[in-house]
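Q:
In the working numbering, the protein residues as written are 1 to 238.
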């Protein structure tokens with residue numbers, strides 16, 4: 001199913017929201033950033049990227065449970081940054097795994113057995129409340145939702161050697177997070193054995209034969225992986 005939900009503003013759903021959890025996965029090492037700090041800790045408008053990400057979900061719902069998955073050797077650094085920046089949003093830390101699959105699986109062990117979970121990249125600090133709302137509404141109705149955006153540039157598929165061919169970009173979408181699920185459904189999906197073909201949470205669920213439901217994301221919801229992304233995010237925040 002492919003649906004773009006535009007009709008309901010986030011504030012209209014607060015009164016009847018189910019239990020919600022934001023599972024923020026932040027396992028980056030900062031290699032492509034060329035930085036000594038992991039990318040989730042790099043300063044963005046004066047504060048670490050990860051703090052902006054957590055605030056985006058807290059603004060959407062102050063009752064939302066916040067879970068942060070980090071490599072265990074980054075716990076002390078994160079706690080020091082929280083003290084330095086007087087960051088006091090309540091959240092739970094969970095140790096990540098060697099692959100994103102195992103980090104999410106670990107995070108899912110500490111969430112309740114009912115409700116809606118938003119699984120989100122820690123380095124996507126500019127997700128909008130409208131995107132979160134669309135994901136929530138669709139997951140409540142259909143069991144899952146992932147935000148996507150259309151491609152705006154031409155797309156080519158490469159073949160053997162130097163061959164390539166043009167493909168119809170209207171058949172493809174850019175996938176963002178938060179990928180959003182009814183908790184029991186995604187917990188069951190993560191009981192599967194790891195497969196390198198699992199590129200995101202939707203692909204894990206899809207492997208059980210479930211249909212994935214698409215909603216409109218927001219263009220600003222970029223994933224900060226390179227220095228240029230940080231420059232863009234700074235400009236958007238200002």
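C-beta atoms are modelled at their ideal positions from N, C-alpha and C, and glycine is treated no differently.
Please identify the residue among 228, 184, 220 and 219 whose C-alpha is closest to the C-alpha of residue 108.
A: Taking the chain shown and counting its residues from 1, the one referred to as residue 108 is at position 108. Ranking the options by Cα distance to residue 108, first place goes to 184.
Q: Shortest alpha-carbon distance to residue 81 belongs to which of 236, 38 and 125?
A: Position 81 of the chain shown holds residue 81. Residue 38 is the option with its Cα nearest to residue 81.
Q: Note down, one range per segment and in chain order, each alpha helix (DSSP H) of at least 4 residues found wholly within the segment 124-148.
A: Correct list: 129-142.
Q: Beta-carbon separation of residue 117 and residue 111 under 8 Å?
A: Residue numbering aside, residue 117 sits at position 117 when the chain shown is read from its first letter. Residue numbering aside, residue 111 sits at position 111 when the chain shown is read from its first letter. Result yes, Cβ atoms of residue 117 and residue 111 sit closer than 8 Å.
Q: Out of curiosity, what's the CA-to-CA distance linking residue 40 and residue 58?
A: Residue 40 sits at position 40 when you count from the first residue of the chain shown. Residue 58 sits at position 58 when you count from the first residue of the chain shown. Using only the alpha carbons, I get a separation of about 18 Å.
Q: Is it true that the segment 87-106 meets the segment 65-79, where meeting means three or more beta-carbon pairs spaced less than 8 Å apart?
A: Taking 8 Å as the limit for Cβ pairs, the verdict is that the segment 65-79 does touch the segment 87-106.
Q: Closest to residue 115 by C-alpha separation, out of 123, 24, 181 and 55, would be which residue?
A: Numbered from its first residue, the chain shown carries residue 115 at position 115. If we check each option's Cα against that of residue 115, 181 comes out closest.
Q: Do you know whose CA, among 127, 83, 113 and 17, lies nearest residue 24's CA?
A: Taking the first residue of the chain shown as 1, we reach residue 24 at position 24. Residue 24 has its Cα closest to that of 127, out of 127, 83, 113 and 17.
Q: Per DSSP, which one or two residues make a beta bridge with residue 310?
A: For residue 310 there is no data in the structure shown, the boundaries of the chain being 1 and 238.
Q: In this structure, does DSSP put residue 111 in helix, strand or coil?
A: The residue given as residue 111 occupies position 111 in the chain shown. In this structure, residue 111 counts as coil in the three-state DSSP scheme.
Q: Count the other C-beta atoms from every protein chain shown that fall within 10 angstroms of the C-beta of residue 130, then say buried if there are 16 or more, exposed otherwise.
A: Taking the first residue of the chain shown as 1, we reach residue 130 at position 130. Per the 10 Å Cβ criterion, buried.
Q: Hey, out of 48, 51 and 217, whose CA is closest to residue 135's CA?
A: In the chain shown, the residue the question calls residue 135 occupies position 135. With distances taken between Cα atoms, residue 135 lies closest to 217.
Q: At what residues does the beta strand (DSSP E) containing residue 228 begin and finish?
A: What you label residue 228 is simply residue 228 of the chain shown in a count that begins at 1. Where residue 228 is concerned, there is no enclosing beta strand (DSSP E), although the alpha helix (DSSP H) it sits in stretches over 227-237.
Q: Name the DSSP beta bridge partners of residue 169, please?
A: Position 169 of the chain shown, counting from 1, holds the residue named residue 169. Looking at the DSSP assignment, residue 169 forms no beta bridge with any residue, so it has no partner.
Q: Under the three-state reduction of DSSP, which class applies to residue 158: helix, strand or coil?
A: Along the chain shown, one-based indexing puts residue 158 at 158. If DSSP states are grouped into helix, strand and coil, residue 158 belongs with the strands.
Q: How is the alpha helix (DSSP H) around residue 77 delimited, first residue to last?
A: The residue you call residue 77 lines up with position 77 of the chain shown. Element bounds for residue 77: 75-84.
Q: Alpha carbon to alpha carbon, how far is residue 104 from residue 161?
A: By 1-based counting over the chain shown, the position of residue 104 is 104. By 1-based counting over the chain shown, the position of residue 161 is 161. If you take the alpha carbons of residue 104 and residue 161, they lie about 37 Å apart.
Q: What does the alpha-carbon distance come out to for the pair residue 21 and residue 209?
A: Numbered from 1 along the chain shown, position 21 holds the residue referred to as residue 21. Numbered from 1 along the chain shown, position 209 holds the residue referred to as residue 209. The alpha-carbon atoms of residue 21 and residue 209 are separated by roughly 24 Å.
Q: If we ignore side chains and look at the alpha-carbon of each, how far apart do residue 49 and residue 229 end up?
A: By 1-based counting over the chain shown, the position of residue 49 is 49. By 1-based counting over the chain shown, the position of residue 229 is 229. For residue 49 and residue 229, the distance between alpha carbons rounds to 12 Å.
Q: Span of the beta strand (DSSP E) holding residue 180?
A: Counting from 1 along the chain shown, the entry for residue 180 is found at position 180. Note, residue 180: beta strand (DSSP E), 179-182.
Q: Assuming residue 44 and residue 237 make a contact with CB atoms under 8 Å, what is their CB distance in whole Å?
A: Position 44 of the chain shown, counted from the first residue, corresponds to residue 44. Position 237 of the chain shown, counted from the first residue, corresponds to residue 237. Confirmed, Cβ separation roughly 7 Å.
Q: Cβ of residue 119 within 8 Å of Cβ of residue 179?
A: Numbered from 1 along the chain shown, position 119 holds the residue referred to as residue 119. Numbered from 1 along the chain shown, position 179 holds the residue referred to as residue 179. Contact: yes.
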